[in-house]
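Colleague:
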Amino acid sequence: DTAVSQTPKYLVTQMGNDKSIKCEQNLGHDTMYWYKQDSKKFLKIMFSYNNKELIINETVPNRFSPKSPDKAHLNLHINSLELGDSAVYFCASSRRASDYNEQFFGPGTRLTVL
Amino acid sequence: RKEVEQDPGPFNVPEGATVAFNCTYSNSASQSFFWYRQDCRKEPKLLMSVYSSGNEDGRFTAQLNRASQYISLLIRDSKLSDSATYLCVVNPPPGGSQGNLIFGKGTKLSVKP
Chain A
1 DTAVSQTPKY LVTQMGNDKS IKCEQNLGHD TMYWYKQDSK KFLKIMFSYN
51 NKELIINETV PNRFSPKSPD KAHLNLHINS LELGDSAVYF CASSRRASDY
101 NEQFFGPGTR LTVL
Chain B
1001 RKEVEQDPGP FNVPEGATVA FNCTYSNSAS QSFFWYRQDC RKEPKLLMSV
1051 YSSGNEDGRF TAQLNRASQY ISLLIRDSKL SDSATYLCVV NPPPGGSQGN
1101 LIFGKGTKLS VKP
């Protein structure tokens, strides 16, 4: 049983294209997150959603837009892709956004922009 | 000072060795602390939470020193399967972005036969 799933696992695309990454969790969690892990392996939060409302919006370019059709899904849409967007993007979820709730991560989407 | 700082390693140790990782954090009002483990080309997974009184889970012991803003992870009797990157993770204080975990860059451990 997959707890947090992401598609696609690999994404290779040209600069300037628009792409989406999908994320689904079947844990019944209230909060979902998107992280970016760059080539230096530094993992940094991009967004989180709690009950379909954005509660964290880090200073990421507005080319990145999270979309949550329901509590179980948080998709990431990226417009006008740039070389620097190449990274691994992880989706995660937690029961709620509070101190000690464990975050469960998806397997990651490896994005390569050519 | 970086928000969460770790020695990147790598730590190369033989099986059976004891190894310790250290981590420092900059915000003294941070509320909760964790160690996550990330295998090569895999997602991070929670290893253990870190409590003020210190906590142990089998071969793993985590310690927190709030006065020094310092977190540690001790692994005893290292196994080959312990080879991974260990991420020190801090949750900011209330009033900020709850759930907005701040990850260190990780310490790479390689256990050799």
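Which chain is which? The protein sequence lines are A and B, in order.
Sequential numbering of the first sequence, starting at 1, is according to our numbering.
Sequential numbering of the second sequence, starting at 1001, is according to our numbering.
For glycine and all other residues, C-beta sits at the position ideal for the given N, C-alpha and C.
These numbers were taken from a predicted model, which means no experiment stands behind them.
Identify, in the order they occur along the chain, each residue of the same chain with its Cβ nearer than 6 angstroms to the Cβ of T112/A, setting aside the five sequence neighbours on each side.
Modeller: The residues are V12, S86.
Colleague: Please report how far the alpha carbon of N75/A lies from the alpha carbon of K1105/B, in whole angstroms.
Modeller: So the two alpha carbons sit approximately 25 angstroms from each other.
Colleague: Give every residue of the same chain whose Cβ lies closer than 8 angstroms to the Cβ of F104/A, excluding the five residues on either side of it in the sequence, and list them in chain order.
Modeller: Hits under 8 angstroms: A3, V4, Q25, L27, H29, A92, S93, S94.
Colleague: Starting from I55/A, follow its DSSP beta bridges and name the residues at the other end.
Modeller: According to DSSP, which records beta bridges pairwise, I55/A is partnered with nothing at all.
Colleague: Here's the rule: buried if 16 or more other CB atoms are within 10 angstroms of the residue's CB, otherwise exposed. What is A1056/B?
Modeller: The sequence given here has Glu at residue 1056/B, not Ala. Classification for E1056/B: exposed.
Colleague: Taking a Cβ distance cut-off of 9 angstroms, strictly less, list which residues of the region 43 to 55 of chain A are near chain B, in chain order.
Modeller: Residues L43, K44, I45, S48, N50, I55.
Colleague: Is the number of C-beta pairs between the region 1057 to 1069 of chain B and the region 1015 to 1033 of chain B that are closer than 8 angstroms three or more?
Modeller: Contact holds: three or more Cβ-Cβ distances are below 8 angstroms.
Colleague: When burial is assigned at 16 or more other CB atoms within 10 Å of the CB, is F1034/B buried or exposed?
Modeller: Looking at its Cβ environment, which holds 16 or more other Cβ atoms inside 10 Å, F1034/B is buried.
Colleague: For K1002/B, which residues in chain C fall below 7 angstroms Cβ to Cβ?
Modeller: Structure shown: chain C not included; protein chains present are A and B.
Colleague: Which bits of chain A does G1054/B rub up against, with CB to CB less than 9 angstroms?
Modeller: Going along chain A, no residue has its Cβ under 9 angstroms from G1054/B, so there is no contact; the nearest lies around 16 angstroms.
Colleague: Please state if the CB of S68/A and the CB of H77/A are separated by a distance shorter than 8 angstroms.
Modeller: No. Outside cutoff.
Colleague: Can you tell which of E102/A, R110/A, G106/A has the C-alpha that lies nearest to the C-alpha of L1046/B?
Modeller: Of E102/A, R110/A, G106/A, the residue nearest in Cα terms is E102/A.
Colleague: Helix, strand or coil: which one does DSSP assign to S1053/B?
Modeller: Note: S1053/B maps to coil in three-state DSSP.
Colleague: What does DSSP give as the partner residue(s) for R110/A in the beta ladder?
Modeller: R110/A is bridged to Y10/A, V88/A.
Colleague: Would you mind reading off the limits of the beta strand (DSSP E) that contains N101/A?
Modeller: Careful: N101/A lies outside any beta strand (DSSP E) and carries neither H nor E.
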